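Encoded as structure tokens, the structure appears first; notes follow it.
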Amino acid sequence: SECREWALLELQGVLEIQPSAQHLPLNAFSIGSLCRSQQEKYYFTIGYHELEGKKVSLKKPMLVLQKVLREDPIDVESSPVVLSTQYPTQVQKTSELKAIGIIRHKILFKTRPKALISK
Amino acid sequence: MGNASILELNVDSSLEVYYGETFGSEDLKLLEVDEPILQEILDRGVVIRGGLNDEAVLCTSSRTYAIKFVMSSNTILIMPPPSSHGSSASGEELDTKSETGGKRTASAMAAATGHLELVEVAPNFEKLKSLLSERLYGEDTDSMDVEESTSGLYTWDDLLEKLQLSEKELQEGLKSLAAVQVGGFWRLVDKKYMHCVFELILLNAMQHDWSLQGLKEKEVVSALMADGYSAQIVIHCLATYGQRVSLAFEAGIASNGSYDLDSHVWELNERHVCLHYANQLLSSASRWRVDDFVDAWQQNLPSGVQASLDMLKGKILIEKLGSDSWLYPFSVANLPSNPAERFAALFRERPRWEWEDLEPYISDLRAPGKSVDALLLKYTRRTQPTAETPPIFTAR
Numbered sequence: 001s002e003c004r005e006w007a008l009l010e011l012q013g014v015l016e017i018q019p020s021a022q023h024l025p026l027n028a029f030s031i032g033s034l035c036r037s038q039q040e041k042y043y044f045t046i047g048y049h050e051l052e053g054k055k056v057s058l059k060k061p062m063l064v065l066q067k068v069l070r071e072d073p074i075d076v077e078s079s080p081v082v083l084s085t086q087y088p089t090q091v092q093k094t095s096e097l098k099a100i101g102i103i104r105h106k107i108l109f110k111t112r113p114k115a116l117i118s119k
Numbered sequence: 001m002g003n004a005s006i007l008e009l010n011v012d013s014s015l016e017v018y019y020g021e022t023f024g025s026e027d028l029k030l031l032e033v034d035e036p037i038l039q040e041i042l043d044r045g046v047v048i049r050g051g052l053n054d055e056a057v058l059c060t061s062s063r064t065y066a067i068k069f070v071m072s073s074n075t076i077l078i079m080p081p082p083s084s085h086g087s088s089a090s091g092e093e094l095d096t097k098s099e100t101g102g103k104r105t106a107s108a109m110a111a112a113t114g115h116l117e118l119v120e121v122a123p124n125f126e127k128l129k130s131l132l133s134e135r136l137y138g139e140d141t142d143s144m145d146v147e148e149s150t151s152g153l154y155t156w157d158d159l160l161e162k163l164q165l166s167e168k169e170l171q172e173g174l175k176s177l178a179a180v181q182v183g184g185f186w187r188l189v190d191k192k193y194m195h196c197v198f199e200l201i202l203l204n205a206m207q208h209d210w211s212l213q214g215l216k217e218k219e220v221v222s223a224l225m226a227d228g229y230s231a232q233i234v235i236h237c238l239a240t241y242g243q244r245v246s247l248a249f250e251a252g253i254a255s256n257g258s259y260d261l262d263s264h265v266w267e268l269n270e271r272h273v274c275l276h277y278a279n280q281l282l283s284s285a286s287r288w289r290v291d292d293f294v295d296a297w298q299q300n301l302p303s304g305v306q307a308s309l310d311m312l313k314g315k316i317l318i319e320k321l322g323s324d325s326w327l328y329p330f331s332v333a334n335l336p337s338n339p340a341e342r343f344a345a346l347f348r349e350r351p352r353w354e355w356e357d358l359e360p361y362i363s364d365l366r367a368p369g370k371s372v373d374a375l376l377l378k379y380t381r382r383t384q385p386t387a388e389t390p391p392i393f394t395a396r
């Protein structure tokens, strides 16, 4: 099948864009640096915070589903997942959920962030 | 698209995590699945059904699941694998120095606020029953050659689309309702009409001295067609109240040795035959002294068929009045299928039930993840006066 393995980066809290950078397109800058220090330890540096985490296997695998709007009739054979809705048949507009990836592991950051003070 | 995978990061290596190009405009959802479902989705795909007003359900080939959203307070970044142009697409290990001199990057395609979970649900056949009841197939239908309009008639595909059932469940539902496919549409046959056809089959069997264990389809069909009944309905009746037997092979070999493919043979189910006559008696009088009933019942049955009161479990209740036992109709088929409502109805009928009497009225209850014992625990109070007397169930 087509589905490759994806991953999740999970951290507590919310990512905020600094006011000075809010006018820039999102992908103009990086969220942070991810580094693996030892076999089991990962560090994620976001702004001046450093998070410590580890790679975890998910209890149950997850599928990444992508919503795609189509206007032609659904070909069930080609799409792994299909959302069928009760639209009248004249307008053959259907929402399609396609499985585009499988996730079995995530890198999870649960500890309190450590504030780094740069010199 | 990033050029590295966060899962393939080596010790003492690092990479930059970026927002992907389409971050914020992607509508991605995470769905937690079991390995077997995962395999099926990858092999054959599944369908998520749900009208605009219904809760969405996911159907695999055999089971139906409700879809629940579990919210998380964490920030969950969804990281796709590196694009095929990336250096690690072939699975090579990343070094601390990248070959091209460009930085190792991974990009987040979207952030999830939680994930979807699957909860197995018991299939609901009520809607199927009500759809098929819109136009019952009855006496009038059989005498018409072609039905005029197709409104209120449903094909297999129509039913799948309108109902939140998996294919296997739809099959199960149609079978449990004894539905029949006529002209591409699935139909429920009017009960009275079915009884009528069954009665005629039994009468003809008696008249012509046909064995109920070996009814020749050709003979039965032609006898009933002479009276105006369609072959399809006759065969459906045979299939509902009996089954095909493999005697066809012997019956089918004609004297010249050729094999007659049309010679199907049917065996009627003894219980169905007995129930048919029991129902006739119950329709004529709703209360019977048990002994009188048993006598009348046995008398009406074709020779060789043995009736027993056990066959009426879930259809009648017996109560003692003085020195007599009386029976009256009380059918599980007329009771609600929802467990709470079912128990309420049962306790309205009788405040106290012995297990032997109660069992046939609850054995068909289905609640996801709940056994019969769990249902009993939830809806009843069990008392047992002494170790020798049977336990009694009352409303909780």
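Taken in order, these protein sequences are the chains called A and B.
Be aware that the first sequence starts at 1, since it is given in full-length UniProt numbering, and climbs by one per residue.
Be aware that the second sequence starts at 1, since it is given in full-length UniProt numbering, and climbs by one per residue.
Using N, Cα and C, we set each Cβ at its ideal position, and we do this for glycine too.
Remember, predicted model here, so these are calculated numbers, not experimental data.
Could you give the distance in angstroms between the alpha-carbon of S30 of chain A and the alpha-carbon of V64 of chain A? As a working note, residue 30 of chain A is residue 30 in the first sequence. As a working note, residue 64 of chain A is residue 64 in the first sequence. Roughly 23 Å between the two C-alpha positions.
Starting from M71 of chain B, follow its DSSP beta bridges and name the residues at the other end. By one-based count along the second sequence, residue 71 of chain B stands at place 71. According to DSSP, M71 of chain B bridges with B:G114.
What distance in whole Å lies between the Cβ atoms of A4 of chain B and P82 of chain B, which are believed to be in contact at a cut-off of 8 Å? Position 82 of the second sequence holds residue 82 of chain B. Position 4 of the second sequence holds residue 4 of chain B. Confirmed, Cβ separation roughly 6 Å.
Can you list the residues of chain B that H105 of chain A reaches, using a CB-CB cut of under 8 Å? As a working mapping, residue 105 of chain A is identified with position 105 in the first sequence. Correct list: L7.
For a contact meaning CB atoms closer than 7 Å, what does D34 of chain B contact in chain A? The count along the second sequence starts at 1 and reaches residue 34 of chain B at position 34. Residues of chain A passing the Cβ test: K60.
How about V245 of chain B and V221 of chain B: do their beta carbons lie closer than 9 Å? On the second sequence, residue 245 of chain B is found 245 positions in, with the first residue counted as 1. On the second sequence, residue 221 of chain B is found 221 positions in, with the first residue counted as 1. Against a cut-off of 9 Å, the Cβ pair of V221 of chain B and V245 of chain B comes out as no contact.
Mind the definition here: the region 208-216 of chain B touches the region 168-177 of chain B only if three or more C-beta pairs lie below 8 Å; say whether that holds. no
Looking at L200 of chain B and Q66 of chain A, is the spacing between their C-beta atoms short of 9 Å? Locating residue 66 of chain A in the first sequence gives position 66, where the first residue counts as 1. Locating residue 200 of chain B in the second sequence gives position 200, where the first residue counts as 1. Cβ atoms of Q66 of chain A and L200 of chain B: not closer than 9 Å.
Option in B:R135, B:N334, B:Y229 and B:M206 with minimal Cα separation from F185 of chain B: Along the second sequence, one-based indexing puts residue 185 of chain B at 185. Among B:R135, B:N334, B:Y229 and B:M206, the Cα nearest to that of F185 of chain B is on B:R135.
What is the residue span of the alpha helix (DSSP H) that L24 of chain A lies within? The residue you call residue 24 of chain A lines up with position 24 of the first sequence. From DSSP, L24 of chain A is part of no alpha helix (DSSP H); its letter is neither H nor E.
Under 6 Å Cβ to Cβ from V56 of chain A, same chain only, skipping five residues before and after it: list those, please. As a working mapping, residue 56 of chain A is identified with position 56 in the first sequence. Hits under 6 Å: K106 and L108.
Bridge partners for M79 of chain B per DSSP, in chain order? One-based indexing of the second sequence puts residue 79 of chain B at position 79. In DSSP, M79 of chain B forms a bridge with A:A7.
L116 of chain B and L30 of chain B look like a contact to me (Cβ under 8 Å); what is the Cβ gap, rounded to whole Å? If you number the second sequence from 1, residue 116 of chain B lands on position 116. If you number the second sequence from 1, residue 30 of chain B lands on position 30. Indeed, because the Cβ distance is near 7 Å, the residues count as touching under 8 Å.
For I103 of chain A and C3 of chain A, believed in contact at Cβ under 8 Å, the rounded distance: As a working mapping, residue 3 of chain A is identified with position 3 in the first sequence. As a working mapping, residue 103 of chain A is identified with position 103 in the first sequence. With a Cβ gap of about 10 Å, C3 of chain A and I103 of chain A do not count as contacting.
Between the alpha carbons of E267 of chain B and L38 of chain B, how many angstroms are there, rounded? On the second sequence, residue 267 of chain B is found 267 positions in, with the first residue counted as 1. On the second sequence, residue 38 of chain B is found 38 positions in, with the first residue counted as 1. Spanning the two alpha carbons is a distance of roughly 43 Å.
Within the same chain, show all residues whose beta-carbon is closer than 6 Å to that of S283 of chain B, passing over the 5 residues directly before and after it, in chain order. Your numbering for residue 283 of chain B matches position 283 in the second sequence. None.
Who pairs with I41 of chain B in a beta bridge, going by DSSP? Translated into positions along the second sequence, residue 41 of chain B becomes position 41. Looking at the DSSP assignment, I41 of chain B forms no beta bridge with any residue, so it has no partner.
Please state the DSSP three-state secondary structure of Y65 of chain B. Indexing the second sequence from 1 puts residue 65 of chain B at position 65. In the structure shown, Y65 of chain B sits in a strand (DSSP, three-state: E or B).
Mark M206 of chain B as exposed unless 16 or more other C-beta atoms lie within 10 angstroms of its C-beta, in which case mark it buried. If you number the second sequence from 1, residue 206 of chain B lands on position 206. The residue is exposed, with fewer than 16 neighbouring Cβ atoms inside 10 Å.
Just tell me which of B:V294, B:S73 and B:V234 has its CA closest to the CA of M311 of chain B. Counting from one through the second sequence, the residue named residue 311 of chain B turns up at place 311. The shortest C-alpha separation from M311 of chain B is found at B:V294.
What number of angstroms, rounded off, separates the C-alpha of Y137 of chain B from the C-alpha of F347 of chain B? The sequence position of residue 137 of chain B within the second sequence is 137, counting from 1. The sequence position of residue 347 of chain B within the second sequence is 347, counting from 1. Distance between the alpha carbons of Y137 of chain B and F347 of chain B: 35 Å.
Give me the DSSP bridge partner(s) of D324 of chain B. Start at 1 with the first residue of the second sequence, and residue 324 of chain B comes out as number 324. B:L321, per the DSSP bridge assignment.
Return the residue from the list B:S331, B:K162, B:S323 and B:A66 that minimises the CA-CA distance to E349 of chain B. Taking the first residue of the second sequence as position 1, residue 349 of chain B is located at position 349. It is B:S331.
A296 of chain B versus E120 of chain B - alpha carbon distance: Residue 296 of chain B sits at position 296 when you count from the first residue of the second sequence. Residue 120 of chain B sits at position 120 when you count from the first residue of the second sequence. Cα-Cα distance, rounded: 47 Å.
Could you give the distance in angstroms between the alpha-carbon of A345 of chain B and the alpha-carbon of L335 of chain B? In the second sequence, the residue the question calls residue 345 of chain B occupies position 345. In the second sequence, the residue the question calls residue 335 of chain B occupies position 335. Spanning the two alpha carbons is a distance of roughly 7 Å.
Which residues, in chain order, does the region 334-362 of chain B contribute to contact with chain A at a C-beta distance below 8 Å? none
Where H236 of chain B falls, given that 16 or more other Cβ within 10 Å makes a residue buried: Counting from 1 along the second sequence, the entry for residue 236 of chain B is found at position 236. Counting Cβ neighbours within 10 Å, H236 of chain B comes out buried, since at least 16 surround it.
Buried or exposed for S303 of chain B, please, with buried defined as at least 16 other CB atoms from any protein chain shown within 10 angstroms of its CB. Mapped onto the second sequence, residue 303 of chain B falls at position 303. Exposed.
Quick check on K114 of chain A - is its C-beta less than 9 Å from some C-beta in chain B? On the first sequence, residue 114 of chain A is found 114 positions in, with the first residue counted as 1. No, K114 of chain A lies away from the interface with chain B (no Cβ there is under 9 Å from its Cβ).
N3 of chain B CB to nearest chain A CB: under 9 Å? Along the second sequence, read from residue 1 onward, the residue named residue 3 of chain B stands at position 3. Cβ-Cβ to chain A under 9 Å: no for N3 of chain B.
Within-9 Å CB hit, T94 of chain A to chain B: On the first sequence, position 94 is the one that residue 94 of chain A refers to. Low confidence applies here, because T94 of chain A scores a pLDDT of 49, under 50, leaving its location unreliable; read the following figure in that light. No, because no Cβ of chain B sits closer than 9 Å to the Cβ of T94 of chain A.
Determine the chain A residues that contact N10 of chain B at a beta-carbon separation under 7 Å, and present them in chain order. Within the second sequence, residue 10 of chain B is the residue found at index 10, counting from 1. Those are R36, listed as they occur along chain A.
List, in chain order, every chain B residue whose beta-carbon is nearer than 9 Å to that of K54 of chain A. Locating residue 54 of chain A in the first sequence gives position 54, where the first residue counts as 1. The premise fails here: K54 of chain A is roughly 12 Å from chain B at the closest Cβ pair, so nothing lies under 9 Å.
Compare the Cα-Cα distances from G152 of chain B to each of B:A333, B:A122, B:L165 and B:S133 and report the closest residue. Taking the first residue of the second sequence as position 1, residue 152 of chain B is located at position 152. Out of B:A333, B:A122, B:L165 and B:S133, B:S133 has the C-alpha closest to the C-alpha of G152 of chain B.
Could you check what DSSP says for S30 of chain A in three-state terms: helix, strand or coil? Position 30 of the first sequence, counting from 1, holds the residue named residue 30 of chain A. S30 of chain A falls in the strand class under three-state DSSP.
Amino acids of chain A, ordered along the chain, whose beta-carbon sits closer than 8 Å to that of V17 of chain B: Position 17 of the second sequence holds residue 17 of chain B. Those are L9, S30, I31, G32, S33, L34 and F44, listed as they occur along chain A.
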